[in-house]
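Note that numbering that gives the first Met the number 0 numbers the sequence shown so that position 100 is 99, with each residue one more than the last.
We put the beta carbon where it would ideally sit given N, CA and C, even for glycine.
Keep in mind it's a predicted model, so treat the numbers as computed, not measured.
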Amino acid sequence: MTQTLRPAASTIKEAIESRRSVRQFEQAPMPEADLLEILRLTSLAQSAFNMQPWRFVVVTNQEVKAKLELAANGQKQVGGAPVVIAVVADGAEFHQPTELLARPEVLADPEKIEKFKVSVERAYGSKPLEANTEFAARMSYIAIGYLTLAARGLGYDTSVMLGFKPNEVKVLLEIPEHAQVTALIALGRGTEEGLAHHRLPLEVLTRFVR
Ligand SMILES: Cc1cc2nc3c(=O)[nH]c(=O)nc-3n(C[C@H](O)[C@H](O)[C@H](O)COP(=O)(O)O)c2cc1C
């Protein structure tokens, strides 16, 4: 068995500092429990109105991954990772039953349910599908960040990608045409270190208003 090069991070600081785009992975299938735990942690990401508008298509099938690799301009980490996740933003998914969306304390109080429904309607209930999909796409990047760090916490690595042909990915994974695929993420135990972080200085990134 290949020696895992990259130990799990045990603090948030370690997860952030050790996360890099890793593009080579152990071939062994990923234990289901680890995969589900990473997805559970990702689901704790925050979102406007708590609507959690991201959806994940989790691909472990080797043949489908090979086809996805072609749709991703031949990027080898797609076929080479044990898991590839397509992150999907779909405004149609906003319309979830109130019983699923509202917190228990809201559901327990008819007045609060009414207020909740009014605020949902105002926020996105009557907005066009494209606008809601765009809104969902923006929020999905928060979940993507969580996923990459949650993976580190369990000793896994990721490669987030936008280099793919969205229409081909949608056809392959039966994702509705109106939805956006906001990233493909290769996930597995990394067998390379990835490149050292190289970042713009804080002075370029930041302006203080004191
Ligand atoms: C939205 C997004 C899209 C990216 N697309 C690709 C991609 O298609 N292929 C790839 O190899 N890396 C891709 N990257 C990885 C970046 O090149 C990488 O994050 C950046 O160079 C910083 O390196 P690090 O992730 O190792 O810190 C993408 C990253 C993000 C966040």
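| Query | Result |
| --- | --- |
| Distance between PRO127 and VAL21 (C-alpha atoms, nearest Å) | 38 angstroms |
| Coarse secondary structure for ALA47, derived from DSSP in three states | helix |
| Where the alpha helix (DSSP H) containing LEU106 begins and where it ends | 103 to 106 |
| Delimiting residues of the alpha helix (DSSP H) encompassing LEU128 | 128 to 152 |
| For ARG22, the three-state DSSP class (helix, strand or coil) | coil |
| Residues that ARG54 bridges to, as DSSP identifies them | VAL87 |
| Same chain, Cβ closer than 7 angstroms to ALA70, five either side skipped, listed in chain order | PHE163, LYS164, GLU167, VAL168 and LEU171 |
| Distance, LEU201 Cα to GLN23 Cα | 30 angstroms |
| Integer Cβ distance of TYR140 from THR181, believed to fall under 8 angstroms | 7 angstroms |
| Start-to-end residues for the beta strand (DSSP E) that takes in ALA234 | No answer is possible for residue 234: the residues shown for the chain start at 0 and end at 209. |
| Burial state of VAL17, where buried means 16 or more other Cβ atoms lie within 10 Å | Note on identity: in this sequence residue 17 is Ser, with Val being the wrong assignment. The residue is buried, with at least 16 neighbouring Cβ atoms inside 10 Å. |
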